[in-house]
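If you're matching positions, the sequence shown starts at 9 in our numbering and goes up one per residue. Glycine included, every Cβ here is placed at the ideal spot set by N, Cα and C. Inspection log for the structure reproduced underneath, given as C-alpha coordinates.
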Amino acid sequence: MKQVPELKRAVIEVFGGCNYACKMCPQTTGRGSDWTKMMPLGLFKDILDQLPGKPIINLEGSGEPTILENLSDYIHACADKGFKSYMFTNGSKFENTQMRKCIDAGLNFIRFSVIGYDRKTYQQWMNVDNFDKIKKNVFETKKYILSTDSDCIISSYHLLINDLNDVQKYRKNFIDKLGIIGYIWKMHNWSGNIDLEFKRKKTERKSCGRPFAPEITIRAGGPNGLHATVTPCCQTMGPPREELSVLGNLETSSLSDIWYGEKYDQLRHAHATKDFDSVEYCKDCDFLYDDNEVLVWSNDKTARPYHMLGTDFMLDEYREGI
(Lines of atoms letter the chains of each structure in order from A and count residues from 1; the text may use other names and numbers.)
(Lines give C-alpha, C1' and ligand atoms only; values in the text may rest on other atoms or scores of the structure.)
Protein backbone atom coordinates (compact mmCIF):
# COMPACT_ATOMS: atom_id res chain seq x y z
CA MET A 1 0.00 0.00 0.00
CA LYS A 2 1.37 3.42 -0.98
CA GLN A 3 2.03 5.79 1.91
CA VAL A 4 0.15 9.06 2.10
CA PRO A 5 2.61 11.96 2.51
CA GLU A 6 2.77 13.67 5.88
CA LEU A 7 -0.18 16.03 6.25
CA LYS A 8 -0.03 19.47 7.80
CA ARG A 9 -3.77 20.14 8.04
CA ALA A 10 -6.83 17.90 8.31
CA VAL A 11 -10.28 19.43 8.25
CA ILE A 12 -12.44 16.83 10.00
CA GLU A 13 -16.00 18.03 10.29
CA VAL A 14 -17.54 16.78 13.54
CA PHE A 15 -21.06 18.03 12.75
CA GLY A 16 -22.41 18.96 9.34
CA GLY A 17 -25.47 20.98 10.33
CA CYS A 18 -25.75 24.53 11.58
CA ASN A 19 -28.04 26.53 13.86
CA TYR A 20 -27.63 29.65 11.71
CA ALA A 21 -28.97 30.58 8.27
CA CYS A 22 -26.42 33.11 7.06
CA LYS A 23 -27.14 35.05 3.92
CA MET A 24 -23.85 34.13 2.21
CA CYS A 25 -23.73 30.44 3.17
CA PRO A 26 -25.03 27.32 1.35
CA GLN A 27 -26.29 25.97 4.69
CA THR A 28 -29.13 28.47 4.33
CA THR A 29 -30.48 27.01 1.09
CA GLY A 30 -30.30 23.48 2.44
CA ARG A 31 -27.22 21.29 2.54
CA GLY A 32 -29.29 18.11 2.71
CA SER A 33 -29.71 15.51 5.45
CA ASP A 34 -26.93 13.31 4.01
CA TRP A 35 -24.42 16.00 4.92
CA THR A 36 -25.81 17.43 8.16
CA LYS A 37 -24.91 14.49 10.38
CA MET A 38 -22.65 13.96 13.37
CA MET A 39 -19.24 12.36 12.98
CA PRO A 40 -19.26 9.37 15.38
CA LEU A 41 -16.56 9.83 18.02
CA GLY A 42 -15.18 6.32 17.48
CA LEU A 43 -14.83 6.93 13.75
CA PHE A 44 -13.21 10.29 14.44
CA LYS A 45 -10.58 8.56 16.58
CA ASP A 46 -10.02 5.94 13.88
CA ILE A 47 -9.41 8.70 11.34
CA LEU A 48 -6.88 10.37 13.63
CA ASP A 49 -5.01 7.05 13.78
CA GLN A 50 -4.73 7.02 9.97
CA LEU A 51 -3.30 10.52 9.57
CA PRO A 52 0.40 10.66 8.70
CA GLY A 53 2.43 13.39 10.35
CA LYS A 54 1.09 15.81 12.94
CA PRO A 55 -1.46 17.94 11.10
CA ILE A 56 -3.51 20.71 12.63
CA ILE A 57 -7.05 19.35 13.09
CA ASN A 58 -9.83 21.74 12.11
CA LEU A 59 -13.02 20.53 13.78
CA GLU A 60 -15.62 22.42 11.82
CA GLY A 61 -15.41 21.72 8.09
CA SER A 62 -18.50 23.68 7.11
CA GLY A 63 -20.87 22.77 9.93
CA GLU A 64 -21.21 24.24 13.42
CA PRO A 65 -19.20 22.07 15.85
CA THR A 66 -20.56 23.59 19.05
CA ILE A 67 -23.94 21.95 18.44
CA LEU A 68 -22.32 18.77 19.80
CA GLU A 69 -22.72 18.59 23.55
CA ASN A 70 -19.69 16.31 23.79
CA LEU A 71 -17.47 18.49 21.60
CA SER A 72 -14.77 18.45 24.29
CA ASP A 73 -14.39 14.67 23.76
CA TYR A 74 -13.24 15.31 20.19
CA ILE A 75 -10.77 17.93 21.40
CA HIS A 76 -9.48 15.47 24.03
CA ALA A 77 -9.01 12.87 21.30
CA CYS A 78 -6.84 15.28 19.33
CA ALA A 79 -4.76 16.18 22.36
CA ASP A 80 -4.29 12.51 23.24
CA LYS A 81 -2.79 11.91 19.77
CA GLY A 82 -0.56 14.98 19.98
CA PHE A 83 -2.59 16.94 17.42
CA LYS A 84 -3.40 20.63 17.84
CA SER A 85 -7.11 21.38 17.44
CA TYR A 86 -8.53 24.45 15.73
CA MET A 87 -12.18 25.42 15.58
CA PHE A 88 -14.17 27.96 13.56
CA THR A 89 -17.60 28.72 15.02
CA ASN A 90 -20.43 31.24 15.03
CA GLY A 91 -19.95 31.20 18.81
CA SER A 92 -23.61 31.28 19.80
CA LYS A 93 -23.34 28.07 21.83
CA PHE A 94 -19.75 28.50 22.96
CA GLU A 95 -20.47 29.57 26.51
CA ASN A 96 -20.68 28.44 30.13
CA THR A 97 -19.88 24.75 30.76
CA GLN A 98 -19.25 23.82 27.14
CA MET A 99 -16.77 26.65 26.66
CA ARG A 100 -14.86 25.75 29.81
CA LYS A 101 -14.78 22.02 28.98
CA CYS A 102 -13.45 22.70 25.47
CA ILE A 103 -10.72 25.01 26.73
CA ASP A 104 -9.79 22.54 29.48
CA ALA A 105 -9.68 19.70 26.91
CA GLY A 106 -6.86 21.49 25.11
CA LEU A 107 -8.42 23.54 22.30
CA ASN A 108 -5.58 25.51 20.72
CA PHE A 109 -7.35 28.04 18.52
CA ILE A 110 -10.88 29.34 18.18
CA ARG A 111 -12.18 31.67 15.51
CA PHE A 112 -15.53 33.40 15.93
CA SER A 113 -17.26 34.11 12.61
CA VAL A 114 -19.00 37.47 12.79
CA ILE A 115 -20.49 38.83 9.57
CA GLY A 116 -21.87 42.30 10.22
CA TYR A 117 -20.12 45.10 12.11
CA ASP A 118 -23.04 46.06 14.39
CA ARG A 119 -26.29 44.63 15.67
CA LYS A 120 -28.27 45.63 12.58
CA THR A 121 -25.85 44.36 9.92
CA TYR A 122 -25.14 41.17 11.89
CA GLN A 123 -28.85 40.38 11.98
CA GLN A 124 -29.12 41.19 8.27
CA TRP A 125 -26.33 38.79 7.27
CA MET A 126 -26.54 36.07 9.93
CA ASN A 127 -30.33 36.14 10.36
CA VAL A 128 -30.27 36.24 14.15
CA ASP A 129 -30.02 39.03 16.72
CA ASN A 130 -26.89 37.72 18.45
CA PHE A 131 -24.26 40.43 17.94
CA ASP A 132 -24.12 41.44 21.60
CA LYS A 133 -24.30 37.82 22.75
CA ILE A 134 -21.29 36.85 20.65
CA LYS A 135 -19.30 39.76 22.04
CA LYS A 136 -20.15 38.55 25.54
CA ASN A 137 -19.14 34.97 24.68
CA VAL A 138 -15.80 36.14 23.26
CA PHE A 139 -15.18 38.24 26.37
CA GLU A 140 -16.00 35.36 28.71
CA THR A 141 -13.86 32.94 26.70
CA LYS A 142 -10.92 35.33 26.78
CA LYS A 143 -11.41 35.82 30.51
CA TYR A 144 -11.47 32.07 31.16
CA ILE A 145 -8.36 31.45 29.05
CA LEU A 146 -6.47 34.10 31.03
CA SER A 147 -7.57 32.50 34.32
CA THR A 148 -6.20 29.06 33.33
CA ASP A 149 -3.00 27.65 31.90
CA SER A 150 -4.57 27.41 28.44
CA ASP A 151 -2.57 28.60 25.44
CA CYS A 152 -5.73 28.84 23.32
CA ILE A 153 -5.75 31.78 20.91
CA ILE A 154 -8.94 33.71 20.10
CA SER A 155 -9.56 35.37 16.77
CA SER A 156 -12.48 36.65 14.75
CA TYR A 157 -13.42 36.31 11.09
CA HIS A 158 -15.35 38.94 9.15
CA LEU A 159 -16.41 39.58 5.56
CA LEU A 160 -16.49 42.82 3.64
CA ILE A 161 -20.18 43.51 3.07
CA ASN A 162 -20.21 47.05 1.70
CA ASP A 163 -16.83 48.66 1.07
CA LEU A 164 -13.52 49.37 2.79
CA ASN A 165 -15.28 51.53 5.38
CA ASP A 166 -16.38 48.21 6.92
CA VAL A 167 -12.83 47.71 8.19
CA GLN A 168 -12.94 50.56 10.67
CA LYS A 169 -16.45 49.58 11.77
CA TYR A 170 -15.41 45.98 12.47
CA ARG A 171 -12.35 47.21 14.36
CA LYS A 172 -14.24 49.76 16.43
CA ASN A 173 -17.24 47.58 17.28
CA PHE A 174 -15.63 44.18 17.65
CA ILE A 175 -11.92 43.50 17.08
CA ASP A 176 -10.32 46.41 18.95
CA LYS A 177 -13.13 46.54 21.48
CA LEU A 178 -12.46 42.95 22.54
CA GLY A 179 -8.69 43.10 22.08
CA ILE A 180 -8.39 40.06 19.81
CA ILE A 181 -6.84 39.04 16.50
CA GLY A 182 -9.16 39.72 13.58
CA TYR A 183 -9.27 38.87 9.89
CA ILE A 184 -11.46 40.64 7.31
CA TRP A 185 -11.86 38.91 3.94
CA LYS A 186 -13.70 39.36 0.67
CA MET A 187 -16.56 36.94 0.11
CA HIS A 188 -16.20 33.78 -1.98
CA ASN A 189 -18.76 31.82 -3.98
CA TRP A 190 -18.52 28.34 -2.44
CA SER A 191 -17.30 26.69 -5.64
CA GLY A 192 -20.09 28.38 -7.57
CA ASN A 193 -22.85 27.08 -5.31
CA ILE A 194 -24.04 30.61 -4.53
CA ASP A 195 -24.32 33.74 -6.66
CA LEU A 196 -22.45 36.55 -4.94
CA GLU A 197 -23.50 40.15 -4.89
CA PHE A 198 -19.80 41.04 -4.97
CA LYS A 199 -18.05 38.97 -7.63
CA ARG A 200 -14.28 38.68 -7.96
CA LYS A 201 -12.61 39.97 -11.09
CA LYS A 202 -12.16 37.13 -13.57
CA THR A 203 -8.54 36.77 -14.62
CA GLU A 204 -6.69 33.77 -16.05
CA ARG A 205 -7.63 30.70 -14.02
CA LYS A 206 -4.93 28.89 -12.05
CA SER A 207 -5.07 25.96 -9.69
CA CYS A 208 -5.96 26.91 -6.13
CA GLY A 209 -3.26 24.44 -5.05
CA ARG A 210 -5.51 22.35 -2.82
CA PRO A 211 -5.36 19.08 -4.82
CA PHE A 212 -1.58 19.02 -4.29
CA ALA A 213 -1.33 20.51 -0.79
CA PRO A 214 -0.55 18.50 2.39
CA GLU A 215 -4.09 18.69 3.69
CA ILE A 216 -7.34 16.75 3.55
CA THR A 217 -11.03 17.56 4.04
CA ILE A 218 -13.30 14.95 5.62
CA ARG A 219 -17.02 15.64 5.99
CA ALA A 220 -19.11 14.39 8.89
CA GLY A 221 -21.68 12.87 6.54
CA GLY A 222 -22.00 11.91 2.90
CA PRO A 223 -24.19 10.09 0.39
CA ASN A 224 -25.80 6.68 0.98
CA GLY A 225 -25.96 7.05 4.73
CA LEU A 226 -22.19 7.12 5.14
CA HIS A 227 -19.99 9.29 7.34
CA ALA A 228 -16.42 10.51 6.79
CA THR A 229 -16.68 11.46 3.13
CA VAL A 230 -13.53 12.94 1.60
CA THR A 231 -13.92 16.01 -0.61
CA PRO A 232 -11.26 18.23 -2.23
CA CYS A 233 -11.89 21.16 0.10
CA CYS A 234 -14.53 22.94 2.19
CA GLN A 235 -15.57 25.21 -0.67
CA THR A 236 -17.73 22.62 -2.42
CA MET A 237 -20.31 22.73 0.38
CA GLY A 238 -23.95 22.59 -0.62
CA PRO A 239 -25.97 21.43 -3.62
CA PRO A 240 -25.34 20.68 -6.36
CA ARG A 241 -21.56 20.50 -6.16
CA GLU A 242 -20.91 18.89 -2.79
CA GLU A 243 -22.13 15.45 -3.83
CA LEU A 244 -20.29 15.77 -7.16
CA SER A 245 -17.04 16.41 -5.30
CA VAL A 246 -16.92 13.10 -3.39
CA LEU A 247 -13.47 11.53 -3.71
CA GLY A 248 -14.09 8.55 -1.45
CA ASN A 249 -15.28 7.50 1.97
CA LEU A 250 -13.27 6.46 5.01
CA GLU A 251 -15.97 4.05 6.20
CA THR A 252 -15.50 1.96 3.08
CA SER A 253 -11.94 2.73 1.92
CA SER A 254 -8.54 3.43 3.42
CA LEU A 255 -7.00 6.89 3.37
CA SER A 256 -4.30 5.62 1.01
CA ASP A 257 -6.83 4.15 -1.44
CA ILE A 258 -8.65 7.49 -1.61
CA TRP A 259 -5.50 9.66 -1.77
CA TYR A 260 -4.13 7.65 -4.70
CA GLY A 261 -7.52 6.77 -6.15
CA GLU A 262 -8.86 7.48 -9.63
CA LYS A 263 -11.04 10.44 -8.62
CA TYR A 264 -8.23 12.24 -6.80
CA ASP A 265 -5.87 11.55 -9.72
CA GLN A 266 -8.39 12.97 -12.18
CA LEU A 267 -8.76 16.11 -10.06
CA ARG A 268 -4.99 16.61 -9.82
CA HIS A 269 -4.55 16.08 -13.56
CA ALA A 270 -7.27 18.63 -14.35
CA HIS A 271 -5.60 21.21 -12.12
CA ALA A 272 -2.11 20.46 -13.45
CA THR A 273 -3.31 20.92 -17.05
CA LYS A 274 -5.71 23.79 -16.23
CA ASP A 275 -8.60 21.76 -17.59
CA PHE A 276 -10.95 23.20 -14.97
CA ASP A 277 -14.04 22.93 -17.15
CA SER A 278 -13.83 19.15 -16.89
CA VAL A 279 -14.41 19.37 -13.13
CA GLU A 280 -18.01 20.35 -12.44
CA TYR A 281 -17.34 21.41 -8.84
CA CYS A 282 -14.24 23.47 -9.73
CA LYS A 283 -15.06 25.23 -13.00
CA ASP A 284 -17.01 28.13 -11.45
CA CYS A 285 -15.00 28.45 -8.21
CA ASP A 286 -13.61 31.94 -7.65
CA PHE A 287 -10.58 30.51 -5.81
CA LEU A 288 -9.16 29.87 -9.31
CA TYR A 289 -8.73 33.61 -9.83
CA ASP A 290 -5.78 35.54 -8.42
CA ASP A 291 -6.77 38.18 -5.91
CA ASN A 292 -3.98 39.31 -3.62
CA GLU A 293 -6.42 41.68 -1.92
CA VAL A 294 -8.80 38.89 -0.84
CA LEU A 295 -7.43 39.35 2.69
CA VAL A 296 -8.66 42.88 3.20
CA TRP A 297 -7.21 43.55 6.67
CA SER A 298 -5.75 41.80 9.70
CA ASN A 299 -3.87 42.78 12.83
CA ASP A 300 -2.08 39.43 12.60
CA LYS A 301 1.24 40.49 11.09
CA THR A 302 1.90 36.96 9.81
CA ALA A 303 -1.42 36.74 7.91
CA ARG A 304 -1.19 36.06 4.18
CA PRO A 305 -3.93 35.40 1.59
CA TYR A 306 -2.88 31.81 0.86
CA HIS A 307 -1.68 30.82 4.31
CA MET A 308 -3.49 28.03 6.15
CA LEU A 309 -3.83 29.01 9.82
CA GLY A 310 -1.67 26.96 12.15
CA THR A 311 0.51 25.54 9.38
CA ASP A 312 3.82 26.45 7.79
CA PHE A 313 2.63 26.16 4.20
CA MET A 314 1.03 28.46 1.66
CA LEU A 315 -1.46 27.20 -0.91
CA ASP A 316 0.14 29.23 -3.68
CA GLU A 317 3.25 27.06 -3.30
CA TYR A 318 1.18 24.25 -4.83
CA ARG A 319 -0.58 26.10 -7.66
CA GLU A 320 1.62 24.55 -10.30
CA GLY A 321 1.19 21.04 -8.85
CA ILE A 322 3.93 18.86 -7.45
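Quiz item: Alpha carbon to alpha carbon, how far is A113 from D81?
Solution: Within the sequence shown, the letter at position 105 stands for residue 113. Within the sequence shown, the letter at position 73 stands for residue 81. Here the C-alpha atom of A113 lies approximately 8 angstroms from the C-alpha atom of D81.
Practice problem: Just the C-alpha distance for D344 and G217, rounded to the nearest angstrom, thanks. | Solution: As shown, the chain starts at 9 and ends at 330. That puts residue 344 outside it, with no answer to give.
Practice problem: Taking all protein chains shown into account, decide if A29 is buried (16 or more other Cβ within 10 angstroms of its Cβ) or exposed. | Solution: Your numbering for residue 29 matches position 21 in the sequence shown. The residue is exposed, with fewer than 16 neighbouring Cβ atoms inside 10 Å.
Quiz prompt | Bridge partner(s) assigned by DSSP for A18 | solution = By 1-based counting over the sequence shown, the position of residue 18 is 10. Bridge partners of A18: I65 and I224.
Quiz item: Hey, how far is the Cα of L154 from the Cα of Q106?
Solution: Here residue 154 corresponds to residue number 146 of the sequence shown, with the count starting at 1. Here residue 106 corresponds to residue number 98 of the sequence shown, with the count starting at 1. When rounded, the distance between both Cα atoms is 17 angstroms.
Self-check item: Continuous beta strand (DSSP E) stretch holding V304: start and end
Solution: Within the sequence shown, the letter at position 296 stands for residue 304. Counting along the chain, the beta strand (DSSP E) containing V304 begins and ends at L303 to S306.
Exercise. Take every Cβ of the stretch 123-138, pair it with every Cβ of the stretch 156-175, and state whether three or more of those distances are shorter than 8 angstroms.
Key: Three or more pairs of CB atoms, one per stretch, sit closer than 8 angstroms, so the stretch 123-138 contacts the stretch 156-175.
Quiz item: Roughly how many angstroms lie between the CA atoms of R39 and G229, to the nearest whole one?
Solution: As a first step, residue 39 must be located in the sequence shown, where it is residue number 31. As a first step, residue 229 must be located in the sequence shown, where it is residue number 221. Between the C-alpha atoms of R39 and G229 there is a straight-line separation of about 11 angstroms.
Quiz item: Alpha carbon to alpha carbon, how far is T340 from W133?
Solution: The structure shown has nothing for residue 340, since the chain only spans 9 to 330.
Quiz prompt | Exposure label - P222; buried when at least 16 CB within 10 Å | solution = For the purposes of this step, residue 222 is identified with residue 214 of the sequence shown, where counting begins at 1. With 16 or more Cβ atoms within 10 Å of its Cβ, P222 is classed as buried.
Quiz item: Among E103, P248, D308 and D320, which residue has its Cα nearest to the Cα of G200?
Solution: As a first step, residue 200 is located in the sequence shown; it is residue number 192 there, counting from the start. With distances taken between Cα atoms, G200 lies closest to P248.
Exercise. Name the one or two DSSP bridge partners that V238 has.
Key: Here residue 238 refers to the residue found at position 230 when the sequence shown is read from its first residue. When beta bridges are read from the DSSP output, V238 appears opposite I226 and G256.
Quiz prompt | Residue range of the alpha helix (DSSP H) that includes S155 | solution = Counting from one through the sequence shown, the residue named residue 155 turns up at place 147. For S155, the enclosing alpha helix (DSSP H) covers residues F139 to S155.
Exercise. Pick out the complete alpha helix (DSSP H) segments inside the stretch 53-116, 4 residues or longer, and give them in chain order.
Key: Runs of the alpha helix (DSSP H) inside the stretch 53-116: 79-88 and 104-113.
Self-check item: Opening and closing residue of the beta strand (DSSP E) in which H196 lies
Solution: Locating residue 196 in the sequence shown gives position 188, where the first residue counts as 1. It is not in any beta strand (DSSP E) - H196 carries neither H nor E in the DSSP assignment.
Self-check item: Rounded separation between D273 and R327 - CA only
Solution: Within the sequence shown, the letter at position 265 stands for residue 273. Within the sequence shown, the letter at position 319 stands for residue 327. Roughly 16 angstroms separates the two Cα atoms.
Self-check item: Neighbourhood of Y165 by C-beta distance below 6 angstroms, restricted to the same chain and skipping five residues each side
Solution: Translated into positions along the sequence shown, residue 165 becomes position 157. Within the same chain, Y165 has close Cβ partners R119, S121 and Y191.
Quiz item: Does DSSP put R327 in a helix, a strand or coil?
Solution: Within the sequence shown, numbered from 1, the residue matching residue 327 stands at position 319. R327 sits in coil when the DSSP states are folded into three classes, being neither helix nor strand.
Quiz item: alpha helix (DSSP H) containing I161: first to last residue?
Solution: By 1-based counting over the sequence shown, the position of residue 161 is 153. Looking at the DSSP string, I161 is not in any alpha helix (DSSP H); the run it does join, the beta strand (DSSP E), is I161 to L167.
Quiz item: With which residues is H315 paired in a DSSP beta bridge?
Solution: Numbered from 1 along the sequence shown, position 307 holds the residue referred to as residue 315. Partner(s): M322.
Quiz item: In the structure shown, what three-state DSSP assignment does G190 receive?
Solution: Residue 190 sits at position 182 when you count from the first residue of the sequence shown. Note: G190 maps to strand in three-state DSSP.
Self-check item: Where the alpha helix (DSSP H) containing S274 begins and where it ends
Solution: In the sequence shown, the residue the question calls residue 274 occupies position 266. As written in the sequence, residue 274 is Gln, which differs from the Ser given in the question. Per DSSP, Q274 belongs to the alpha helix (DSSP H) from E270 to A280.
Quiz item: Taking one C-beta from the stretch 78-97 and one from the stretch 264-273 each time, how about it: are there three or more such pairs within less than 8 angstroms?
Solution: Per the Cβ contact rule, the stretch 78-97 is not in contact with the stretch 264-273 (fewer than 3 Cβ pairs under 8 angstroms).
Practice problem: With a threshold of 16 other CB atoms inside 10 Å of the CB of D140, please say whether the residue is buried or exposed. | Solution: Residue numbering aside, residue 140 sits at position 132 when the sequence shown is read from its first letter. With fewer than 16 other Cβ atoms within 10 Å, it is exposed.
Exercise. Measure the Cβ-Cβ separation of C242 and S41 and say whether it is below 9 angstroms.
Key: For the purposes of this step, residue 242 is taken as residue 234 along the sequence shown, with counting starting at 1. For the purposes of this step, residue 41 is taken as residue 33 along the sequence shown, with counting starting at 1. No, these two residues do not count as a Cβ contact at 9 angstroms.
Self-check item: Close Cβ partners of E259 (< 8 angstroms) along its chain, the five nearest in sequence each way excluded
Solution: If you number the sequence shown from 1, residue 259 lands on position 251. Non-local C-beta neighbours of E259 in its own chain, meaning closer than 8 angstroms and more than five positions away in sequence, comprise L51, L234, H235 and A236, ordered along the chain.
Self-check item: Length of the line joining the Cα atoms of H84 and N116
Solution: Here residue 84 corresponds to residue number 76 of the sequence shown, with the count starting at 1. Here residue 116 corresponds to residue number 108 of the sequence shown, with the count starting at 1. Whole-angstrom Cα-Cα distance: 11 angstroms.
Exercise. Quick one: using the 10 Å Cβ neighbour count with 16 as the cut-off for buried, is K282 buried or exposed?
Key: Here residue 282 is taken as the residue at index 274 of the sequence shown, counted from 1. Taking a 10 Å sphere around the C-beta of K282, we find fewer than 16 other C-beta atoms and assign the residue as exposed.
Quiz item: Taking only beta-carbon atoms, is Y125 less than 9 angstroms away from chain C?
Solution: Although the question refers to chain C, the structure presented lacks it and comprises just one protein chain.
Quiz prompt | When T44, K143 and Q35 are compared against N135, the one with the closest alpha-carbon | solution = By one-based count along the sequence shown, residue 135 stands at place 127. When C-alpha distances from N135 are compared across T44, K143 and Q35, the shortest belongs to Q35.
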